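Reading through the structure tokens given below for one structure.
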Amino acid sequence: MPRQTTATHYRKRLAVLTDYIYQNIEGDLTLATLAEVALISPYHLHRIYRSIYNDTLTETIKRIRLHYAAGRLLNTDLTVAAIARQARYNSVQSFTRAFSEAFGMPPARYRLEGSHTQFKQSLLNKEKHPMHDVTIRQAQPMTLVGFEHSGSYMEIGQTFDKLYGSLAAKQLLTEHTKAVGIYFDDPETVEASLLRSMACIATNSPDRFPEAEGFKRFDIEGGKCAVLRYKGPYANMDVAYKWLFSQWLPQSGERVGNQPAYEEYLNDPRQVPAPELLTDIYIPLESNN
Numbered sequence: 532m533p534r535q536t537t538a539t540h541y542r543k544r545l546a547v548l549t550d551y552i553y554q555n556i557e558g559d560l561t562l563a564t565l566a567e568v569a570l571i572s573p574y575h576l577h578r579i580y581r582s583i584y585n586d587t588l589t590e591t592i593k594r595i596r597l598h599y600a601a602g603r604l605l606n607t608d609l610t611v612a613a614i615a616r617q618a619r620y621n622s623v624q625s626f627t628r629a630f631s632e633a634f635g636m637p638p639a640r641y642r643l644e645g646s647h648t649q650f651k652q653s654l655l656n657k658e659k660h661p662m663h664d665v666t667i668r669q670a671q672p673m674t675l676v677g678f679e680h681s682g683s684y685m686e687i688g689q690t691f692d693k694l695y696g697s698l699a700a701k702q703l704l705t706e707h708t709k710a711v712g713i714y715f716d717d718p719e720t721v722e723a724s725l726l727r728s729m730a731c732i733a734t735n736s737p738d739r740f741p742e743a744e745g746f747k748r749f750d751i752e753g754g755k756c757a758v759l760r761y762k763g764p765y766a767n768m769d770v771a772y773k774w775l776f777s778q779w780l781p782q783s784g785e786r787v788g789n790q791p792a793y794e795e796y797l798n799d800p801r802q803v804p805a806p807e808l809l810t811d812i813y814i815p816l817e818s819n820n
């Protein structure tokens, strides 16, 4: 059996480390613990991580914890202080500073006024809040390759991180790489642990991504789609889907097609603040009503 390359070796070790970080995000992620999980010397772990992911391990953990905190703010009644402790901040003040820097407003205000609220207001009061901007497009067919994700859609970032690590190790990650998430189930009716999705990139060369390494292929047929451009943190997007299906679709005269919803991520959460993230949400439609 041929010996695996150095890049492949470290990609696999860092994929294990990524899983551990997401699964223990409320834990004490010390350098010694992370090095032990990754089986990489603590003297070199940071350099190896940065060389593969083009991001520091410290910034990655911070980004994941703040994304986790945003979800807790939206989906629980926990106090800001309790969420700060879960995100491993020593004080509400330090948590507020970090959250404000990432999300453009302090956590308490985000809970009340974040980008999710415009859709919530539309859901609650149809007459006062007009339809959001949805365009009907002829989407292009795409060949996608990526990793399957099982579980909460809020945690698909874990699979995207592993995908990007794999691409970087193969030197296939460029500024032109198009990231796409595919979502097969309705989170309102399917238990979170059973939700199916994929973290993908678009490619013209699917044969470069062998199934033996965990890659799966999915073909987007293209055709008529409703597209909503969403601006803001990924943690907020579930309300946009609720609005699309409960308000836009019944009033649109359109019918959904036989392909899953998918999202195209137009910028990189490692490079832009969460409020500036842009996502196109695609809902495939029937060509003829």
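Per our numbering: the sequence shown = residues 532 to 820.
Ideal Cβ placement from N, Cα and C applies to all residues, glycine included.
Every value quoted in this text rests on a predicted model; they were computed, and no experiment measured them.
Cutoff 7 Å; reference residue i; Cβ partners in own chain excluding five residues on either side
{"i": "residue 633", "result": "597, 804 and 805"}
{"i": "residue 814", "result": "756, 757, 775, 787 and 792"}
{"i": "residue 546", "result": "693 and 696"}
{"i": "residue 613", "result": "none"}
Residue i (DSSP reduced to helix, strand or coil)
{"i": "residue 716", "result": "coil"}
{"i": "residue 810", "result": "strand"}
{"i": "residue 658", "result": "Below a pLDDT of 50, predicted positions are generally treated as unreliable, and residue 658, at 49, falls in that range; the measurement from the model is reported next regardless. Coil at residue 658, not helix or strand."}
{"i": "residue 680", "result": "strand"}
{"i": "residue 701", "result": "coil"}
{"i": "residue 771", "result": "helix"}
{"i": "residue 636", "result": "coil"}
{"i": "residue 627", "result": "helix"}
{"i": "residue 689", "result": "helix"}
{"i": "residue 542", "result": "helix"}
Nonlocal neighbours in the same chain, by C-beta distance under 6 Å from residue i, ignoring five residues either side
{"i": "residue 642", "result": "604"}
Anticipated Cβ contact below 8 Å, residue i with residue j, distance rounded
{"i": "residue 726", "j": "residue 763", "result": "Not really, about 21 Å apart at Cβ, beyond 8 Å."}
{"i": "residue 700", "j": "residue 539", "result": "6 Å"}
{"i": "residue 703", "j": "residue 678", "result": "Their Cβ separation, rounded to whole angstroms, is 14 Å, which puts residue 703 and residue 678 out of contact at 8 Å."}
{"i": "residue 584", "j": "residue 696", "result": "6 Å"}
{"i": "residue 562", "j": "residue 576", "result": "7 Å"}
{"i": "residue 790", "j": "residue 752", "result": "6 Å"}
{"i": "residue 740", "j": "residue 746", "result": "4 Å"}
8 Å CB neighbourhood of residue i in its chain, flanking five on each side removed
{"i": "residue 667", "result": "755, 756, 757, 758, 785 and 816"}
Looking at C-beta atoms only, is the number of pairs between the segment 604 to 612 and the segment 773 to 786 that lie closer than 8 Å three or more?
No: the two stretches stay apart, fewer than three of their Cβ pairs being nearer than 8 Å.
Does the segment 613 to 625 come close enough to the segment 580 to 588 that 3 or more CB-CB pairs lie under 8 Å?
no
Is the segment 731 to 740 touching the segment 663 to 677 in the sense that three or more CB pairs, one from each, lie closer than 8 Å?
With the rule of 3 Cβ pairs closer than 8 Å, the segment 663 to 677 counts as touching the segment 731 to 740.
Considering only residues of the segment 724 to 809, which uninterrupted alpha helix (DSSP H) runs meet the minimum length of 4 residues and lie entirely inside it, listed in chain order?
769 to 774 and 780 to 783
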